[in-house]
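Here the structure is laid out as structure tokens; the discussion comes afterwards.
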Amino acid sequence: MTDSEIRGAFADGPALVSYVAAGDPSAEASKEYVEALVEGGSDVIELGLPFSEPVAEGTTIQNAIKRALDAGMTPDAYLDLVRELDVDVPIVCMTYYNLIYQYGESEARSASENASGDEPRASGGPEEFVEAAAEAGISGFVVPDLPVNESEAMYEACREHGLDLIFIVAPTTTPERLESMLDRTTGFVYVQGRLGTTGARDDVSEDTPEALERLQDADVPKAVGFGISSGEQAREVIASGADGVIVGSAYVDIVADGVENDLPAGEVADRLEELAAELKQGARKGLPEPERK
Amino acid sequence: MSDQSQRTTGEQETRAGKFGAYGGQYVPEVLMPAVEELADAYERYVLENEDGFVDDFRQRIREFGGRPTPLSHAENLSERYGFDVYLKREDLLHGGAHKLNNALGQVLLAKYMGKERIVAETGAGQHGTATAMACAYLDMPCEIYMGRTDVNRQRPNVFRMRIHDAEVNPVDVGSGTLKEAINETMRDWATNVEDTHYVIGSVVGPHPFPAMVRDFQSVISEEMREQSRERLGELPEAVIACAGGGSNTMGAFSAFVGSAKLPGAPEGTHEPAPDVDLLAVEAGGSSLGVDKDEGYAPNSASLSTGTEGVLHGARTKLLQTEEGQIVESHSVSAGLDYAGVGPELAHLVDEGRVEPVNVDDDAALEAFHRLSREEGIIPALESSHAVAYLEEYAAHRAAGNASGDEPRAGDGPVVVNVSGRGDKDLDTVIEESAARDVAGAPTMEVFEE
Chain A
1 MTDSEIRGAF
11 ADGPALVSYV
21 AAGDPSAEAS
31 KEYVEALVEG
41 GSDVIELGLP
51 FSEPVAEGTT
61 IQNAIKRALD
71 AGMTPDAYLD
81 LVRELDVDVP
91 IVCMTYYNLI
101 YQYGESEARS
111 ASENASGDEP
121 RASGGPEEFV
131 EAAAEAGISG
141 FVVPDLPVNE
151 SEAMYEACRE
161 HGLDLIFIVA
171 PTTTPERLES
181 MLDRTTGFVY
191 VQGRLGTTGA
201 RDDVSEDTPE
211 ALERLQDADV
221 PKAVGFGISS
231 GEQAREVIAS
241 GADGVIVGSA
251 YVDIVADGVE
261 NDLPAGEVAD
271 RLEELAAELK
281 QGARKGLPEP
291 ERK
Chain B
1 MSDQSQRTTG
11 EQETRAGKFG
21 AYGGQYVPEV
31 LMPAVEELAD
41 AYERYVLENE
51 DGFVDDFRQR
61 IREFGGRPTP
71 LSHAENLSER
81 YGFDVYLKRE
91 DLLHGGAHKL
101 NNALGQVLLA
111 KYMGKERIVA
121 ETGAGQHGTA
131 TAMACAYLDM
141 PCEIYMGRTD
151 VNRQRPNVFR
161 MRIHDAEVNP
171 VDVGSGTLKE
181 AINETMRDWA
191 TNVEDTHYVI
201 GSVVGPHPFP
211 AMVRDFQSVI
221 SEEMREQSRE
231 RLGELPEAVI
241 ACAGGGSNTM
251 GAFSAFVGSA
261 KLPGAPEGTH
271 EPAPDVDLLA
281 VEAGGSSLGV
291 DKDEGYAPNS
301 ASLSTGTEGV
311 LHGARTKLLQ
321 TEEGQIVESH
331 SVSAGLDYAG
341 VGPELAHLVD
351 EGRVEPVNVD
361 DDAALEAFHR
371 LSREEGIIPA
381 LESSHAVAYL
391 EEYAAHRAAG
401 NASGDEPRAG
411 DGPVVVNVSG
421 RGDKDLDTVI
431 EESAARDVAG
441 APTMEVFEE
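From first to last, the protein sequence lines stand for chains A and B. Just so it is clear: in the first sequence, position 268 is 268 by my numbering, and no numbers are missing. Just so it is clear: in the second sequence, position 449 is 449 by my numbering, and no numbers are missing.
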């Protein structure tokens with residue numbers, strides 16, 4: 001397997017994967033936030049493309065998605081935002097399958113309606129969005145409601161355009177499912193650290209070391225997410241054997257606080273950069289002494 | 001023996017959970033093992049009757065549920081329309097709606113699977129009530145999620161759930177209706193997946209839910225066929241049922257399209273019957289359009305106006321924007337107020353086996369009063385949509401040949417599935433009837449000072 005850009009981001013010690021929702025609270029602000037997260041030491045940016053029914057998210061990200069949708073975020077605006085980003089880390093698009101599936105449908109739909117008054121065409125597919133995402137500079141996808149058994153078309157589209165398709169391994173994932181996921185996973189494996197939905201927690205789940213142990217032999221970097229919010233937690237996760245940490249809700253809490261208290265975007269960006277730096281430092285501390293850089 | 005080639009949904013499709021282009025299992029990975037475990041349990045217990053599960057279900061739905069429900073001749077409606085109208089009386093099932101068939105089936109299945117806790121979502125409250133009832137009966141702890149808007153418009157059902165010792169959690173997100181309640185229940189399930197079963201209330205969601213819920217509800221059409229043969233000596237010319245998610249619709253239609261059946265079904269009750277018209281009546285709300293700028297559909301007619309997409313675990317027909325954001329739906333009936341529909345129903349519509357039609361809020365309210373006044377039956381607002389369609393159906397039937405439309409088959413009897421009783425809707429009906437000046441509606445004004 002050739003090294004992807006995302007996989008490369010894990011090459012220099014523990015990687016910090018940072019999530020924010022695009023367009024929360026505006027496209028302009030989230031551009032600034034992404035840049036701050038990279039300044040703070042993020043190695044990969046997971047940029048959420050907001051979907052109206054985010055069933056895998058907890059309240060924090062759910063509210064962020066609502067703010068972004070209310071501010072007018074759309075798949076096209078999202079791709080524009082990605083094109084405008086001035087960062088040198090890979091960007092992963094995290095979204096739900098319906099948005100990917102529908103993309104590119106609208107023009108065909110109105111064309112056919114105008115021309116013949118026919119019914120809208122019946123089937124969509126992921127190819128058009130994956131192609132557009134690749135052109136805009138996206139390096140990979142996380143699609144929480146697309147389990148490996150429904151991922152054939154998406155996997156093919158990603159392969160064709162050289163993008164990584166990242167699967168989430170849950171604590172409940174069976175060995176058989178794990179095997180089929182690892183067959184298709186490129187970039188990194190997203191290890192869901194606990195049951196439930198996304199959301200910042202005060203502790204690292206006891207299940208994390210066990211989850212990582214199961215993936216010991218997998219030839220792909222392992223990043224743990226769901227509930228990580230502090231440098232100390234990042235340290236613990238890396239010490240348990242992970243190659244990276246994924247943080248989302250803890251940043252989104254800062255964004256939400258900024259919205260609630262009407263803080264200038266610059267101030268919010270500073271706080272995001274600070275938290276990213278703390279997480280990155282914590283992650284480094286998780287490495288055994290001789291490996292620290 | 002039925003001809004397999006005529007079957008619209010055969011056993012193979014049922015086991016695979018794919019109905020043409022629709023169906024599937026689009027859920028977060030954390031839920032996949034639970035969904036697979038459920039699919040396995042569905043095959044063993046429901047399709048194969050392992051440990052006598054289906055016998056147990058059939059006995060309990062008789063003794064606890066009060067099945068079979070009658071097929072009643074609606075004399076006054078028959079006179080009004082000039083053809084025989086029969087009502088399948090799911091309003092007489094224990095709890096007052098068809099919902100118990102599925103809730104009892106699933107809670108019993110959860111018991112057989114060794115699950116320790118039940119969660120469910122509810123729109124109008126009928127499914128929540130049925131689930132709470134089945135949980136009390138089978139001694140299972142139960143938690144129900146319900147949108148805040150629906151909590152406010154369906155208060156009697158909220159109280160009924162609580163009487164059965166269920167916990168009711170209002171959901172404040174979005175428009176506070178069924179869609180949000182489903183999202184929230186999925187989140188609970190994802191957190192407690194190891195010991196919890198999610199009783200989905202309709203033929204929606206990831207496989208095996210659409211097939212399994214249909215099977216539990218198929219007792220409706222199984223009885224319809226038997227009763228039609230005994231009472232009428234023939235099958236009905238048409239079956240009319242309201243469609244939100246589509247559980248009573250699929251229940252009323254499945255034996256006529258030859259869907260896979262529950263073990264122990266009487267011989268000949270699941271043969272395909274292509275001559276029976278199957279009409280799915282959707283909520284036309286106040287208008288059939290979708291306001292694309294506002295992201296709002298003033299209707300819940302996803303079969304008539306929706307487009308293909310992926311929501312809540314399945315590929316199906318949805319009310320959505322061109323970009324794929326799901327829009328808020330609307331119906332005067334909380335139970336129909338949903339942006340999606342069951343994948344098998346979407347498939348049957350594509351195949352031309354089921355005809356999607358719709359009536360608006362006003363027509364449904366008028367039908368509510370008509371059935372109450374003329375037949376002494378207070379129908380649920382959901383069922384009122386099916387009853388309302390009789391008006392249009394009668395007009396079509398009279399004009400069919402003259403208008404060049406495809407003529408209805410003849411002068412045979414028609415069955416309307418009265419999916420539930422309307423006591424729960426009285427507050428809404430009083431308010432909406434007064435606000436809209438609905439024909440034939442009594443008012444409470446004369447009693448007010």
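The beta carbon of each residue, even a glycine, is placed where N, CA and C say it ideally should be. Values in this document were obtained by computation on a predicted structure and should not be read as measured data.
1) If you drop the 5 nearest sequence neighbours on each side, which residues of the same chain put their C-beta closer than 6 Å to that of residue 134 (chain B)?
2) Given residue 216 (chain B), which residues of its chain have a CB within under 6 Å of its CB, disregarding the five upstream and five downstream residues?
3) Between which two residues does the beta strand (DSSP E) harbouring residue 208 (chain A) extend?
4) Which residues of the region 195 to 209 of chain B have a Cβ closer than 7 Å to any Cβ of chain A? Give them in chain order.
5) Per DSSP, residue 133 (chain B) forms a beta bridge with which residues?
6) How would you list, in chain order, the residues of chain B whose beta-carbon sits under 7 Å from the beta-carbon of residue 52 (chain A)?
7) If you compare alpha carbons, which of B:322, B:284 and B:283 is closest to residue 294 (chain B)?
8) Taking the runs of the beta strand (DSSP E) that are 3 residues or longer, which of them lie wholly in the region 31 to 91 of chain A?
9) My output table needs one value for residue 305 (chain B): the three-state DSSP class, helix, strand or coil.
10) Residue 83 (chain A) and residue 259 (chain A) - do their beta-carbons sit closer together than 9 Å?
11) Answer with buried or exposed for residue 443 (chain B), where buried requires no fewer than 16 other C-beta atoms within 10 angstroms of its C-beta.
12) Please state the DSSP three-state secondary structure of residue 272 (chain B).
13) Between residue 205 (chain A) and residue 44 (chain A), what straight-line distance do the alpha-carbon atoms span, to the nearest angstrom?
14) Are the C-beta atoms of residue 171 (chain A) and some chain B residue less than 9 Å apart?
15) Between residue 278 (chain A) and the rest of its own chain, which residues show a CB-CB distance below 6 Å, the 5 nearest in sequence each way excluded?
16) Flag this pair as touching only if the region 226 to 237 of chain B and the region 257 to 264 of chain B have three or more C-beta atom pairs under 8 Å; answer yes or no.
17) Quick check on residue 376 (chain B): buried or exposed, where buried means 16 or more other Cβ atoms within 10 Å of its Cβ?
18) Can you give me the C-alpha to C-alpha distance between residue 41 (chain B) and residue 256 (chain B), rounded to a whole angstrom?
19) Is it buried or exposed, residue 62 (chain B), if we count other Cβ atoms within 10 angstroms and call 16 or more buried?
20) Quick one: Cα of residue 208 (chain B) to Cα of residue 218 (chain B), how far?
21) Below 9 Å on C-beta distance, what does residue 168 (chain A) contact in chain B?
22) If you drop the 5 nearest sequence neighbours on each side, which residues of the same chain put their C-beta closer than 6 Å to that of residue 85 (chain B)?
23) Nearest to residue 262 (chain A) by CA position, among A:29, A:162 and A:213, is which residue?
24) What is the DSSP secondary structure of residue 121 (chain B), reduced to helix, strand or coil?
25) Mind checking whether residue 220 (chain A) and residue 193 (chain A) have CB atoms under 9 Å apart?
26) Going by the CB atoms, is the gap between residue 33 (chain A) and residue 255 (chain A) shorter than 9 Å?
27) Compare the Cα-Cα distances from residue 202 (chain B) to each of B:338, B:33, B:440 and B:353 and report the closest residue.
28) Chain A partners of residue 183 (chain B), CB-CB under 8 Å?
29) Between which two residues does the beta strand (DSSP E) containing residue 325 (chain B) stretch?
30) Look at residue 333 (chain B) and residue 369 (chain B) and say whether their C-beta atoms are less than 9 Å apart.
31) Taking Cβ positions only, does residue 94 (chain A) come closer than 9 Å to chain B?
32) Roughly how many angstroms lie between the CA atoms of residue 364 (chain B) and residue 388 (chain B), to the nearest whole one?
33) Any Cβ of chain B within less than 9 Å of the Cβ of residue 187 (chain A)?
34) Which stretch, first to last residue, makes up the alpha helix (DSSP H) that contains residue 89 (chain B)?
35) What are the boundary residues of the beta strand (DSSP E) that residue 73 (chain B) is part of?
36) Comparing alpha-carbon positions, which option in A:145, A:46, A:47 and A:37 lies nearest residue 310 (chain B)?
In terms of the structure at hand:
1) Mapped onto the second sequence, residue 134 (chain B) falls at position 134. Hits under 6 Å: 103, 104 and 107.
2) Taking the first residue of the second sequence as 1, we reach residue 216 (chain B) at position 216. Take residue 216 (chain B), set aside five residues on each side of it, and the residues of its chain with a beta-carbon closer than 6 Å to its own are 101, 102 and 105, in chain order.
3) Taking the first sequence and counting its residues from 1, the one referred to as residue 208 (chain A) is at position 208. Run containing residue 208 (chain A): none in the beta strand (DSSP E); it sits in the alpha helix (DSSP H), 207 to 214.
4) In summary, no residue of the region 195 to 209 of chain B has a CB separated from any CB of chain A by less than 7 Å.
5) If you number the second sequence from 1, residue 133 (chain B) lands on position 133. According to DSSP, which records beta bridges pairwise, residue 133 (chain B) is partnered with nothing at all.
6) The count along the first sequence starts at 1 and reaches residue 52 (chain A) at position 52. By Cβ distance, chain B contributes 325 and 326.
7) Against the second sequence, residue 294 (chain B) aligns to sequence position 294. Closest by alpha carbon: B:322.
8) 44 to 48
9) As a position in the second sequence, residue 305 (chain B) is number 305, starting the count at 1. Residue state, collapsed to three classes: helix.
10) Taking the first residue of the first sequence as 1, we reach residue 259 (chain A) at position 259. Taking the first residue of the first sequence as 1, we reach residue 83 (chain A) at position 83. It is not a contact, given that the beta carbons lie outside the stated cut-off.
11) As a first step, residue 443 (chain B) is located in the second sequence; it is residue number 443 there, counting from the start. It counts as exposed.
12) Residue 272 (chain B) sits at position 272 when you count from the first residue of the second sequence. It is coil, neither helix nor strand.
13) Walking along the first sequence from the start, residue 205 (chain A) turns up at place 205. Walking along the first sequence from the start, residue 44 (chain A) turns up at place 44. About 23 Å.
14) Working through the first sequence from its first residue, we reach residue 171 (chain A) at position 171. Closer than 9 Å to some Cβ of chain B, the Cβ of residue 171 (chain A) qualifies, so yes.
15) Your numbering for residue 278 (chain A) matches position 278 in the first sequence. Contacts found: 231.
16) no
17) Start at 1 with the first residue of the second sequence, and residue 376 (chain B) comes out as number 376. Residue 376 (chain B) sits exposed, since fewer than 16 C-beta atoms from the chains shown fall within 10 Å of its C-beta.
18) The residue you call residue 41 (chain B) lines up with position 41 of the second sequence. The residue you call residue 256 (chain B) lines up with position 256 of the second sequence. Their backbone Cα atoms lie some 26 Å apart in a straight line.
19) In the second sequence, counting from the first residue as 1, residue 62 (chain B) sits at position 62. Label assigned to residue 62 (chain B): exposed.
20) Taking the first residue of the second sequence as 1, we reach residue 208 (chain B) at position 208. Taking the first residue of the second sequence as 1, we reach residue 218 (chain B) at position 218. Taking the straight line from one Cα to the other gives about 15 Å.
21) The residue labelled residue 168 (chain A) in the question sits at position 168 within the first sequence. Chain B residues near residue 168 (chain A): 28, 29 and 30.
22) Within the second sequence, numbered from 1, the residue matching residue 85 (chain B) stands at position 85. Here the set comprises 74, 77, 78 and 414.
23) Residue mapping note: residue 262 (chain A) aligns to position 262 of the first sequence, counting from 1. Selected option, being the one with the closest Cα: A:29.
24) Along the second sequence, one-based indexing puts residue 121 (chain B) at 121. Correct three-state label for residue 121 (chain B): strand.
25) Sequence index remark: in the first sequence, residue 220 (chain A) carries index 220 (1-based). Sequence index remark: in the first sequence, residue 193 (chain A) carries index 193 (1-based). Not in contact: residue 220 (chain A) and residue 193 (chain A) (Cβ atoms no closer than 9 Å).
26) The residue labelled residue 255 (chain A) in the question sits at position 255 within the first sequence. The residue labelled residue 33 (chain A) in the question sits at position 33 within the first sequence. Contact flag set, yes.
27) Residue mapping note: residue 202 (chain B) aligns to position 202 of the second sequence, counting from 1. For residue 202 (chain B), the nearest C-alpha among the options comes from B:338.
28) Translated into positions along the second sequence, residue 183 (chain B) becomes position 183. Within chain A, the residues 53, 54 and 55 have their CB atoms less than 8 Å from the CB of residue 183 (chain B), given in chain order.
29) Numbered from its first residue, the second sequence carries residue 325 (chain B) at position 325. Note, residue 325 (chain B): premise wrong, no beta strand (DSSP E); not H, not E.
30) In the second sequence, the residue the question calls residue 333 (chain B) occupies position 333. In the second sequence, the residue the question calls residue 369 (chain B) occupies position 369. Not closer than 9 Å, so no.
31) The residue given as residue 94 (chain A) occupies position 94 in the first sequence. Cβ-Cβ to chain B under 9 Å: no for residue 94 (chain A).
32) Position 364 of the second sequence, counted from the first residue, corresponds to residue 364 (chain B). Position 388 of the second sequence, counted from the first residue, corresponds to residue 388 (chain B). Their Cα atoms are separated by approximately 5 Å.
33) Counting from one through the first sequence, the residue named residue 187 (chain A) turns up at place 187. Output row for residue 187 (chain A): interface = no.
34) One-based indexing of the second sequence puts residue 89 (chain B) at position 89. It is not in any alpha helix (DSSP H) - residue 89 (chain B) instead sits in the beta strand (DSSP E) that spans 85 to 89.
35) The count along the second sequence starts at 1 and reaches residue 73 (chain B) at position 73. Counting along the chain, the beta strand (DSSP E) containing residue 73 (chain B) begins and ends at 71 to 73.
36) What you label residue 310 (chain B) is simply residue 310 of the second sequence in a count that begins at 1. Closest option to residue 310 (chain B), Cα to Cα, is A:145.
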